[in-house]
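Asker:
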Amino acid sequence: MTTQQPKTLKRTLLSVALASVGLMGLAGSASAQDDTFKVGFVTFLSGGASGPFGVPAAQGAEIVIKAINEGTLPAPYNTKGVNGLTLESVVVDEAGGPTKQVEEYRNLVQRQDVNAVIGYISSGDCLAIGPVAEEMEMFTIAFDCGTPRLFQEVENPTYLFRTGLDAVADNVGAARYLAETHPNASRIAGIQQNYAWGQDSWQDFTLAMEQLMPEAEIVNNQTPQIFQGSYGTEISALQTRRPDIIHSSMWGGDMESFVAQANARGLLAQATALLTTGESGLHRFEGQAPNGTILGGRGPFGGFMPENELSDWFSEAYEEEHGTPPSYPASKAAQAILALKYAADNSGADGIPSPEQLAAALKGAEFPSVSGTVRMALADGHQALQPMYYGEYHYEDGEASLRNVRSFPGECVSAPDGQNPQEWIKAGFPGADCD
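Counting the sequence shown from 1 gives a position; my numbering is that position plus 23.
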């Protein structure tokens with residue numbers, strides 16, 4: 024599979040850009056009115072990460088924002104607006120790197136006069152934005168970025184939240200899944216993008232494997248640059264080491280390109296790929312990933328969403344609008360928008376809630392979502408705690424599905440609040456509750 028964007032996704036880029044100014048166009052010059060709440064939404068709209076990742080996230084957010092303004096969401100979100108206010112989005116392209124994103128963030132706050140910011144897929148961007156959110160005292164939700172360093176570098180946050188899970192949960196869950204389903208695996212290799220996300224993911228996975236499958240040998244790890252696109256050298260290096268499992272935290276177009284190239288060259292006939300972000304390719308691989316490839320969705324998202332009224336509504340609305348089921352980036356974006364509505368509706372504000380009121384309402388909260396119940400139980404109430412899911416890709420008769428799905432409670436894959444995650448893993452997961 025190539026990373027070239029399908030025509031439908033290219034057209035979607037235009038519709039998303041229009042949504043940032045046109046979705047709330049019915050309100051006229053809404054940003055100047057007291058009955059409008061303005062949110063900046065940051066995601067990849069260009070580059071290799073856009074088609075499989077950034078655009079679905081924008082689409083998911085757009086669908087929920089529209090339903091919020093129409094009052095058509097299922098309970099308990101079936102009141103119009105956020106705290107009775109029309110929700111207007113300003114969509115920003117995340118492409119360009121951390122320095123550019125800090126500039127864009129300051130522009131959202133100082134020139135666009137947004138009341139909140141939601142966004143960030145890249146861990147590098149997330150790490151750059153976190154301290155700026157605290158400096159500018161702006162309520163900010165990181166909807167996807169997974170580096171566990173976020174709340175290690177932003178200590179005692181007030182305004183910064185993350186409504187998704189981090190790489191610790193992803194990779195402890197991956198190791199637990201292997202221990203349950205591939206206990207005889209003996210040679211483990213990896214390929215990770217060479218920046219914070221990939222480095223953290225490999226560290227946490229290998230530490231967990233030392234605890235859960237100590238007899239397995241770590242034989243190799245390749246570290247290509249992010250958005251490299253071509254992986255012939257890395258695939259050759261992996262083949263020479265004869266692994267039976269290849270762990271990868273690569274995401275978006277990079278992940279899809281690696282799978283297509285590794286499959287074509289026979290690597291994935293030799294070894295089973297374990298893709299911690301692989302669910303985003305569930306309905307995009309179209310058989311180019313071998314059956315049995317292990318996929319994660321960074322929690323109960325996308326194809327792993329539990330059945331409830333919100334997830335059923337979201338899946339139906341997304342597929343009707345875009346012709347495909349929502350992937351995990353889409354459902355994680357939807358979750359962040361629901362968190363914003365929860366915080367605004369429970370802020371106690373008269374009119375537009377302040378960043379302080381939003382932060383107070385979301386800190387330590389439990390709220391229903393497309394993924395089930397979200398508990399803001401880590402990082403002193405600023406980080407979500409949810410189950411981790413993995414399953415096996417299966418493609419037959421033109422349909423993709425997940426089989427052999429296993430779930431692990433949040434307390435099984437995430438360190439207790441206040442504990443260093445790496446030390447927790449090394450100590451053998453003390454206090455982990457996996458029942």
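All C-beta atoms in this analysis are idealised placements derived from N, C-alpha and C, irrespective of residue type, glycine included. Here the structure is a predicted model, which is why all the values come from computation and not from measurement.
Can you give me the C-alpha to C-alpha distance between A423 and N244, rounded to a whole angstrom?
Answerer: Each residue's Cα considered, the two are about 29 Å apart.
Asker: Look at the alpha carbon of N217 and the alpha carbon of T246, and state the distance between them as a whole number of angstroms.
Answerer: So the two alpha carbons sit approximately 5 Å from each other.
Asker: Which runs of the alpha helix (DSSP H) fall wholly inside the region 243–292 and span at least 4 residues, in chain order?
Answerer: Those alpha helix (DSSP H) runs which fall completely within the region 243–292 and span 4+ residues are 255–263, 275–287.
Asker: Have a look at N92 and E126 and give me their C-alpha separation to the nearest angstrom.
Answerer: Cα to Cα, N92 sits roughly 29 Å from E126.
Asker: Considering D116, what are the terminal residues of the beta strand (DSSP E) in which it resides?
Answerer: 109–116 is the extent of the beta strand (DSSP E) around D116.
Asker: Rank E332, Q358, G326, V282 by C-alpha distance to the C-alpha of P348 and give the top, closest one.
Answerer: Residue G326 is the option with its Cα nearest to P348.
Asker: Are the Cβ atoms of Y413 and G319 separated by less than 8 Å?
Answerer: Their beta carbons are under 8 Å apart, which means Y413 touches G319 by this criterion.
Asker: Are the CB atoms of C149 and T181 within a distance shorter than 8 Å?
Answerer: Not a contact, by the Cβ cut-off of 8 Å.
Asker: Excluding the 5 residues flanking F174 on each side, which residues of the same chain have their C-beta closer than 7 Å to its C-beta?
Answerer: Excluding sequence neighbours, F174 sits near P180, A402, H405, Q406.
Asker: For C457 and Q133, I'd like the C-alpha separation in whole angstroms.
Answerer: Their backbone Cα atoms lie some 46 Å apart in a straight line.
Asker: Identify whether I448 lies in helix, strand or coil by the three-state DSSP scheme.
Answerer: I448: helix per DSSP, three-state reduction.
Asker: Can you give me the C-alpha to C-alpha distance between T186 and G421, rounded to a whole angstrom?
Answerer: So the alpha carbons of these two residues sit roughly 33 Å apart.
Asker: Given a cut-off of 8 Å, decide if V393 and Q462 are closer than it, judged by their beta-carbon atoms.
Answerer: Residue 462 lies beyond the range of the chain shown here (24 to 458); nothing can be said about it.
Asker: Here's a check: name, in chain order, each residue in its chain whose Cβ is nearer than 6 Å to the Cβ of P79, leaving out the five neighbours to either side.
Answerer: Counting only Cβ-Cβ distances below 6 Å, and skipping sequence neighbours, we find S350, P352, A353.
Asker: Flag this pair as yes or no: are the beta carbons of A312 and Y416 separated by less than 8 Å?
Answerer: It is a contact, given that the beta carbons lie within the stated cut-off.
Asker: Which residue from L235, Q234, Q251, T229 puts its Cα closest to that of I241?
Answerer: Here the closest residue by C-alpha is T229.
Asker: Taking the beta carbon of D335 as the centre, do at least 16 other beta carbons fall within 10 Å, making it buried, or is it exposed?
Answerer: D335 should be labelled exposed.
Asker: Write down the C-beta distance between A139 and G275 rounded to the nearest angstrom, noting that I regard them as a contact closer than 8 Å.
Answerer: That pair is no contact at about 25 Å.
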